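These protein sequence lines are chains Y, R and V, in that order. The working numbering puts the first residue of the first sequence at 2, with every later residue one more than the last. The working numbering puts the first residue of the second sequence at 453, with every later residue one more than the last. The working numbering puts the first residue of the third sequence at 81, with every later residue one more than the last. Glycine residues also receive a C-beta, built at the ideal position from the N, C-alpha and C atoms. Here the structure is a predicted model, which means the values were calculated and not measured.
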Amino acid sequence: MDAFIIITIIKLLAIAFVLLTAVAYLQWVERKVIAHIQVRPGPYRVGPHGLLQPLADVIKLVTKEGLFPSYVNRPLYLFAPFIAVCMALLPISVIPFGPQIEVAGYKTYMQLTDLNIGILFLLAASSMGVYGIALAGWASNNKYALLGGLRSSAQMISYELPLALAIASPLLVSNTLSLRELVGTQAGSILHWNIIRGGQIFAFIIFVIAAFAETNRIPFDLPEAENELVAGFHTEYSSMKFASFFMAEYLNMTTVSALAALLFLGGWEAPWPAAYGSNLVPTAIFALAGLVLLYHAANPPHKLDRYTFGGFGVVFLVIAAVFLAPIVQSWLLPLFWFLAKTGAILFLFIWIRGTLPRFRYDQLMGFAWKFLFPVAMLNLLVTGFVVAWVS
Amino acid sequence: MSAVPISWFLTLSAVLFALGVAGFLFRRSIITVFMSIELMLNAVNLSFVTFAYKYQQVSGHLFTFFVMVVAAAEAAVGLAIILTVFKNRATLNIDEVASMKD
Amino acid sequence: MDVVLFLIFALIAVVAAINVVVQTHPIASAVSLIGVMGSLAVLYLLLGAEFIAAAQVIVYAGAVMVLFIFVIMLLNAGAEGKTGRSLMAQFLGAPLLVAFLGVLAYFVQRLFPDSSKVRFGGFTGGSAQAVGRALFTTYLLPFEVTSLLILIAILGAIVLGRKELD
Numbered sequence: 002m003d004a005f006i007i008i009t010i011i012k013l014l015a016i017a018f019v020l021l022t023a024v025a026y027l028q029w030v031e032r033k034v035i036a037h038i039q040v041r042p043g044p045y046r047v048g049p050h051g052l053l054q055p056l057a058d059v060i061k062l063v064t065k066e067g068l069f070p071s072y073v074n075r076p077l078y079l080f081a082p083f084i085a086v087c088m089a090l091l092p093i094s095v096i097p098f099g100p101q102i103e104v105a106g107y108k109t110y111m112q113l114t115d116l117n118i119g120i121l122f123l124l125a126a127s128s129m130g131v132y133g134i135a136l137a138g139w140a141s142n143n144k145y146a147l148l149g150g151l152r153s154s155a156q157m158i159s160y161e162l163p164l165a166l167a168i169a170s171p172l173l174v175s176n177t178l179s180l181r182e183l184v185g186t187q188a189g190s191i192l193h194w195n196i197i198r199g200g201q202i203f204a205f206i207i208f209v210i211a212a213f214a215e216t217n218r219i220p221f222d223l224p225e226a227e228n229e230l231v232a233g234f235h236t237e238y239s240s241m242k243f244a245s246f247f248m249a250e251y252l253n254m255t256t257v258s259a260l261a262a263l264l265f266l267g268g269w270e271a272p273w274p275a276a277y278g279s280n281l282v283p284t285a286i287f288a289l290a291g292l293v294l295l296y297h298a299a300n301p302p303h304k305l306d307r308y309t310f311g312g313f314g315v316v317f318l319v320i321a322a323v324f325l326a327p328i329v330q331s332w333l334l335p336l337f338w339f340l341a342k343t344g345a346i347l348f349l350f351i352w353i354r355g356t357l358p359r360f361r362y363d364q365l366m367g368f369a370w371k372f373l374f375p376v377a378m379l380n381l382l383v384t385g386f387v388v389a390w391v392s
Numbered sequence: 453m454s455a456v457p458i459s460w461f462l463t464l465s466a467v468l469f470a471l472g473v474a475g476f477l478f479r480r481s482i483i484t485v486f487m488s489i490e491l492m493l494n495a496v497n498l499s500f501v502t503f504a505y506k507y508q509q510v511s512g513h514l515f516t517f518f519v520m521v522v523a524a525a526e527a528a529v530g531l532a533i534i535l536t537v538f539k540n541r542a543t544l545n546i547d548e549v550a551s552m553k554d
Numbered sequence: 081m082d083v084v085l086f087l088i089f090a091l092i093a094v095v096a097a098i099n100v101v102v103q104t105h106p107i108a109s110a111v112s113l114i115g116v117m118g119s120l121a122v123l124y125l126l127l128g129a130e131f132i133a134a135a136q137v138i139v140y141a142g143a144v145m146v147l148f149i150f151v152i153m154l155l156n157a158g159a160e161g162k163t164g165r166s167l168m169a170q171f172l173g174a175p176l177l178v179a180f181l182g183v184l185a186y187f188v189q190r191l192f193p194d195s196s197k198v199r200f201g202g203f204t205g206g207s208a209q210a211v212g213r214a215l216f217t218t219y220l221l222p223f224e225v226t227s228l229l230i231l232i233a234i235l236g237a238i239v240l241g242r243k244e245l246d
């Protein structure tokens, strides 16, 4: 019993620390990727290639003056960002990062807790996340904030329906609600993943579209667009309270990407079995990255880059070597594959942000109710028929 | 020691139901009256689930499910009616829409 | 452990329910009602009703109450005005309610003696599989009828909520 509590606390601290750092650096990745899409350098002054920019942003947000307007509804104004962040952090506790591992003699799962209604818990937390935005819009006592809050909540609850139906289709194929067993049924190779063997390619597309709308990202971010509604529901928020909404948005993005990786892309399973050499892929990727960085360190574009590129090149080569050590392969490889898939979907989020314009609000709602919801229902129907036929 | 007597759950359900009835009878705003009705339905749901535990059957959960569905449908239609009444009378006070009395 | 959990969440539920009835502004009542539903979901988990707990949060707290909050925001419902009620009714009402609930609690205690206790994990038949199986075999007719009911409710809400055609 004691070992269980200690292990759980260690896992909790590890996941919380890694997650919050990852959310901060996700913002760096987003700014860099969008900058390169728009053919400009992005942040590169603060630290080598802007790597300390998230730290500068955190310091700025924490030390900014926390304006507290007198005309707001005080309890709800303070409660709303709290709800937004809480409900964004809760789903991380059920997401599995890897298989069962053994640490100093104790077997434990790479997951905080495995509920047998895991997916329903995730859906419940995302349903409650709507309140953060709706109450923020109301409490701000400001017509732009109210409009932004109402539009955003209406958009989120409208897109929850296609999202739930798109989640239900691979659940029919995998026959379980627990997230760990979902990945278990997709073990094997890429041909066993739900997106190919389960035929859930349409469900995947519907899920990704609905996820964009759920997390208020472009092309569905009219409720917080700068040129439409000042800043939408978080107009009256400053400093830490604004940072909470910001963090909640990135956390939601991470959660839906991880969910897409688990439901459709096989979780932490490698695309081809280890017998054919999939264990060498992370080593190859990191070694390649290290060699490219070392080559550029030899003839650097700026004088300082000789040292930063060189340093990072050596670090990447060391990581590549670490992936070869068999003692860490049992937990590092599944973690690598899971993070690679989640990262790919996050990159998709950022890529689309840099590329597409945004929808008008009536187009957005019409798309949800008149197209996406019937298509998701049809997908569920066809999946149900096929599952009943096959078994 | 670490087990809760069934009667406590049923007492909690009765307390919530009585509070719902009190809200229904004494509040004047139609939306608060509606919310008291939802409170009553939740209290009944707790009763159903408690009895499902006592008799170790899942039928209690099924009844709860149906109560939830009916409550959702009723909330949708009821709120639409409230919106229509508000459009016509511009008030949410149920004392002021009593023009058909006497 | 179960007793502590029950007491905490039952207290939260009762306090939030009193808040629903007592608050003057509808939005405060709505947020308190969400608190009631959340604590009831935890009590359902204690009773082994995991699917119903999830459904309570997703459907009731996450959709029905959002609808309530939308309507309150759209109608800009303000705080209720004071009504002229007699002082005697206000002073007698609360104690009478407490006395009534005390009598009720006593009778409930007598009907269900302490032999039946609730332990977390005492009922494992509340999983999604069990509920789904019962829903689609024993209770198929009510299921289909409620789906028809939802269709009627959707039609009613659309008809009542549309703009006037002139």
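Original post:
How would you label Asp222 of chain Y, buried or exposed, when you count the other beta carbons within 10 angstroms and need 16 or more for buried?
Top reply: buried
Original post:
Residues of chain Y with CB under 8 Å from Ala134 of chain V, in chain order?
Top reply: Ile118, Leu121, Phe122, Leu124, Ala125
**OP:** Measure the alpha-carbon distance for Val146 of chain V versus Met492 of chain R and round it to whole angstroms.
**Re:** So the alpha carbons of these two residues sit roughly 18 Å apart.
**OP:** Check each candidate in Y:Leu264, Y:Glu31, Y:Ala326 and name the one with the smallest Cα separation from Leu178 of chain Y.
**Re:** Residue Y:Leu264 is the option with its Cα nearest to Leu178 of chain Y.
**OP:** Would you give the residue range spanned by the alpha helix (DSSP H) that Tyr78 of chain Y belongs to?
**Re:** 75-90
Original post:
Comparing alpha-carbon positions, which option in Y:Leu183, Y:Glu31, Y:Ala288 lies nearest Leu266 of chain Y?
Top reply: Y:Leu183
Original post:
Per DSSP, what kind of secondary structure is Gly200 of chain Y in: helix, strand or coil?
Top reply: coil
Original post:
So, do the segment 347-362 of chain Y and the segment 185-195 of chain Y have three or more beta carbon pairs nearer to each other than 8 Å?
Top reply: no
Original post:
With 8 Å set as the bound, which would you pick, yes or no: does the beta-carbon of Leu155 of chain V sit closer than that to a beta-carbon of chain R?
Top reply: Chain R contact via Cβ: present.
Subject >> Residue environment, Trp29 of chain Y, which counts as buried when at least 16 other CB atoms sit within 10 Å >> reply: buried
**OP:** Hey, could you find the ends of the beta strand (DSSP E) Thr109 of chain Y is sitting in?
**Re:** 107-111
Original post:
Ile114 of chain V CB to nearest chain R CB: under 8 Å?
Top reply: Interface criterion not met: the Cβ of Ile114 of chain V is under 8 Å from no Cβ in chain R.
Subject >> Cβ of Val496 of chain R within 8 Å of any chain V Cβ >> reply: False, the Cβ-Cβ gap to chain V never drops below 8 Å.
Original post:
Rounded C-beta distance between Ala81 of chain Y and Ala137 of chain Y? I'm assuming under 8 Å.
Top reply: With a Cβ gap of about 4 Å, Ala81 of chain Y and Ala137 of chain Y count as contacting.
Original post:
Does the distance from the CB of Pro97 of chain Y to the CB of Leu180 of chain Y come in under 8 Å?
Top reply: Yes.
Original post:
Can you name the residues of chain Y whose CB is closer than 7 Å to the CB of Val100 of chain V?
Top reply: Result: empty, since nearest Cβ-Cβ is about 15 Å, beyond 7 Å.
Subject >> Test: Ile238 of chain V CB closer than 8 Å to a CB of chain Y >> reply: Not one chain Y Cβ lies under 8 Å of Ile238 of chain V.
Subject >> Reference Val485 of chain R, options V:Gln103, V:Ser207, V:Tyr219, closest by Cα >> reply: For the set V:Gln103, V:Ser207, V:Tyr219, the Cα lying nearest the Cα of Val485 of chain R is the one of V:Gln103.
**OP:** Mind listing the chain Y neighbours of Ile88 of chain V? Cutoff is C-beta to C-beta under 9 Å, in chain order.
**Re:** The premise fails here: Ile88 of chain V is roughly 18 Å from chain Y at the closest Cβ pair, so nothing lies under 9 Å.
**OP:** Could you tell me which residues DSSP pairs with Gln189 of chain V in its beta bridges?
**Re:** For Gln189 of chain V, which the question treats as bridged, DSSP gives no partner whatsoever.
**OP:** Take the Cβ of Lys342 of chain Y as the centre, count every other Cβ of all protein chains shown within 10 Å, and call the residue buried at 16 or more, exposed below.
**Re:** buried
Subject >> Val383 of chain Y, buried or exposed, once every other Cβ within 10 Å from all chains shown has been counted against 16 >> reply: exposed
Original post:
Hey, is Gly201 of chain V's beta-carbon within less than 8 Å of any beta-carbon in chain R?
Top reply: no
Subject >> Cβ distance (whole Å) where Ala468 of chain Y is taken to contact Asp306 of chain Y below 8 Å >> reply: Past the edges of chain Y, shown from 2 to 392, lies residue 468 of chain Y, and the structure says nothing about it.
**OP:** Kindly indicate which residue of Y:Ala146, Y:Ile93, Y:Leu162, Y:Gly278 has the alpha-carbon position closest to the one of Leu116 of chain Y.
**Re:** Y:Ile93
Original post:
Roughly how many angstroms lie between the CA atoms of Trp269 of chain Y and Leu334 of chain Y, to the nearest whole one?
Top reply: Distance from the CA atom of Trp269 of chain Y to the CA atom of Leu334 of chain Y, rounded to whole angstroms, is 8 Å.
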